[in-house]
Structure formats: C-alpha cells, structure tokens
Amino acid sequence: MTTRSPATTSWPWIVMAVAGLVTFVASMAVPPDAVQGELSRIMYVHVPSAWLAYLAFFVTMGASAMYLWKRDLKWDRRAAASAEIGVVFTAMAIGLGMIWAKPTWGVWWTWDARLTLTAIMFFVYLGYLALRRTSDDLQVRARRASILGVLAVVQVPLVHFSVVWWRTLHQPPTLLRPEGPDMDTSMVMTLLIAVVAFTVLYVAMMVKRIELARLEDEVLVSEQTAMRRAAGEAVTRPSIERGTA
Numbered sequence: 201m202t203t204r205s206p207a208t209t210s211w212p213w214i215v216m217a218v219a220g221l222v223t224f225v226a227s228m229a230v231p232p233d234a235v236q237g238e239l240s241r242i243m244y245v246h247v248p249s250a251w252l253a254y255l256a257f258f259v260t261m262g263a264s265a266m267y268l269w270k271r272d273l274k275w276d277r278r279a280a281a282s283a284e285i286g287v288v289f290t291a292m293a294i295g296l297g298m299i300w301a302k303p304t305w306g307v308w309w310t311w312d313a314r315l316t317l318t319a320i321m322f323f324v325y326l327g328y329l330a331l332r333r334t335s336d337d338l339q340v341r342a343r344r345a346s347i348l349g350v351l352a353v354v355q356v357p358l359v360h361f362s363v364v365w366w367r368t369l370h371q372p373p374t375l376l377r378p379e380g381p382d383m384d385t386s387m388v389m390t391l392l393i394a395v396v397a398f399t400v401l402y403v404a405m406m407v408k409r410i411e412l413a414r415l416e417d418e419v420l421v422s423e424q425t426a427m428r429r430a431a432g433e434a435v436t437r438p439s440i441e442r443g444t445a
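All residue numbers for the sequence shown refer to my numbering, where the first residue is 201 and numbers rise by one.
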C-alpha cells in the first residue's frame, strides 16, 4: 500500500479555504442591491450552490454511464462522491433560499414549481445514496446505483427551466437570458467569481471524497476476505481413525 505525502493530502483543504475566502470577500466588496439591500448578498452563495448541485448531478450521470460501459469501480466511486457533494449543495441552496424568501415573499416555504422540484430532486438523490447501502457487493451496488444515477439527471433541466415553463413565484433567470443579464455589471462579475470559486471548491472536495471512497472499498473488501477465510478455517476435514486388529 502506498502512502501519500502531507502536501499531497492537504492541498484540497487549502483550496477549499481559499475558495470560501474568495467568495466571501467578493460578496462583501460589491455594493448592495438597490431594492433588497444587504439581503441580496445571499445570492452570491445561493446561486453558486444551485450551480454546483447541477454540475455534481451531471457528473454523477456521466460517471454512472461510464461504469455501466466499463464496469470499472473507479467510475462508481466518482459518481457516488459527486452525488454526495450535490446533495450537500442542494440542501444549502434550499436553506439559503428559505432565508432569502422569508423577508422577500413573507414565507419560509411555498409549493412553487422551482422549490417543489428542487425538493424532489434532493430526496431522489438521498434515495440514490440510500440505495448504495443496500448491498455489500461492490459490483451489485455499483450497477444498481448507476442505473438510478443515469435516470435521475432528468430532474436537473426540469428544475432549471421550471421558472420558464410555468408561472411561478420564483424569479425568472436574471443572468442566463437571451437579451443579456438583468443585473449591474459589478454584481454579474461578483457572481461569476463566486461560481468559479465554488467550481474549484467542488473539484477539491471530489479529490478528497474519491480518495475516501477508495479506502472505504478497500476496507470492505478486506473485511469480506477475512470473513470468508475465517469461515473456511472453521470447516475441518474429518479424520478416520483406523482400528487395530
């Protein structure tokens, strides 16, 4: 078994810290919104969190498809790692959205199309993670999860375009619009900086989670091998004593 140097194992943590610091500084430097005031600063974390959830679930879909094609467990580990990160940032997007909604809409939650579909997506990917716990056979687990990982991604465009396809309380797109962003240039630049920082954060988190997933698989295989060996040793060959004439 090979060991990694402290520099190799610690750099993702440094990247995560730097990405978080960049996002915080950028969001504090931009002027507040003329209507929502300081509350608008939530946008610089809420929107990148939603973007990261989209990215993570698309990576889960791609890695799941690669596993079904190659049958290589490294792709399953990548799919699982990305799904976990996606669930975390979906929860963050929902939570920050609720904090933003209370002073803006007057309620913490409403069964708006965007909110409802996002909640469904969150629970579907929680189900994906739960499905991975239903078997200790790595190949069986990977096959089941990969099928769901490919199919579940259909929710991402439903969530994203829900504000266009249906009349909802949630505001329509303000950045990705055919006629251009409906935001001040400084706010657009700050939001793009935050999105880039969160994307770098995602890459660093993926590196650490994939490494952990590989170690978890090695421990599981080692435990299964030890159990089979112990069970085999418990079965002894019968001996036949010869009687004396």
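C-beta atoms are modelled at their ideal positions from N, C-alpha and C, and glycine is treated no differently.
Worksheet item: Grouping DSSP H, G and I as helix and E and B as strand, with all else coil, what is D337?
Response: One-based indexing of the sequence shown puts residue 337 at position 137. In this structure, D337 counts as coil in the three-state DSSP scheme.
Item to complete: For the alpha helix (DSSP H) containing A330, list its first residue and its last residue.
Response: Here residue 330 is taken as the residue at index 130 of the sequence shown, counted from 1. Counting along the chain, the alpha helix (DSSP H) containing A330 begins and ends at 313-331.
Worksheet item: Based on the DSSP output, what are the partners of D233 in its beta bridges?
Response: For the purposes of this step, residue 233 is taken as the residue at position 33 of the sequence shown. Looking at the DSSP output, D233 bridges to G237.
Worksheet item: Given a threshold of 16 other Cβ atoms within 10 Å of its Cβ, counted over all protein chains shown, does S422 qualify as buried or as exposed?
Response: Locating residue 422 in the sequence shown gives position 222, where the first residue counts as 1. Classification of S422: exposed, given that the 10 Å Cβ count is below 16.
Fill in: Where R428 falls: helix, strand or coil (DSSP)
For the purposes of this step, residue 428 is taken as residue 228 along the sequence shown, with counting starting at 1. Collapsing the DSSP output to three states places R428 in a helix.
Item to complete: Go to V356, then tell me how far its alpha helix (DSSP H) extends in each direction, as first and last residue.
Response: The residue given as residue 356 occupies position 156 in the sequence shown. First-last of the alpha helix (DSSP H) with V356: 355-365.
Worksheet item: If you check the beta carbons only, do A397 and T223 fall under 8 Å apart?
Response: On the sequence shown, position 197 is the one that residue 397 refers to. On the sequence shown, position 23 is the one that residue 223 refers to. Cβ distance < 8 Å, so A397 and T223 count as in contact.
Discussion item. Buried or exposed, going by whether 16 or more other CB atoms sit within 10 Å of the CB of A229?
Written reply: Here residue 229 is taken as the residue at index 29 of the sequence shown, counted from 1. Classification of A229: exposed, given that the 10 Å Cβ count is below 16.
Practice prompt. Between the Cα of E284 and those of G295, R332, R271, spot the shortest distance and give me the residue it belongs to.
Written response: The residue you call residue 284 lines up with position 84 of the sequence shown. Measuring from the Cα of E284, the nearest candidate turns out to be R332.
Worksheet item: Out of curiosity, what's the CA-to-CA distance linking V364 and L326?
Response: The count along the sequence shown starts at 1 and reaches residue 364 at position 164. The count along the sequence shown starts at 1 and reaches residue 326 at position 126. Cα to Cα, the separation comes out at about 26 Å.
Practice prompt. Have a look at K270 and S346 and give me their C-alpha separation to the nearest angstrom.
Written response: If you number the sequence shown from 1, residue 270 lands on position 70. If you number the sequence shown from 1, residue 346 lands on position 146. For K270 and S346, the distance between alpha carbons rounds to 12 Å.
Practice prompt. Under 7 Å Cβ to Cβ from A281, same chain only, skipping five residues before and after it: list those, please.
Written response: Here residue 281 refers to the residue found at position 81 of the sequence shown. The answer, listed in chain order, is M406, R409, I410, A413.
Item to complete: Assess, as a yes-or-no matter, whether the segment 260-276 is touched by the segment 300-318 under the definition of 3 or more beta carbon pairs within less than 8 Å.
Response: no
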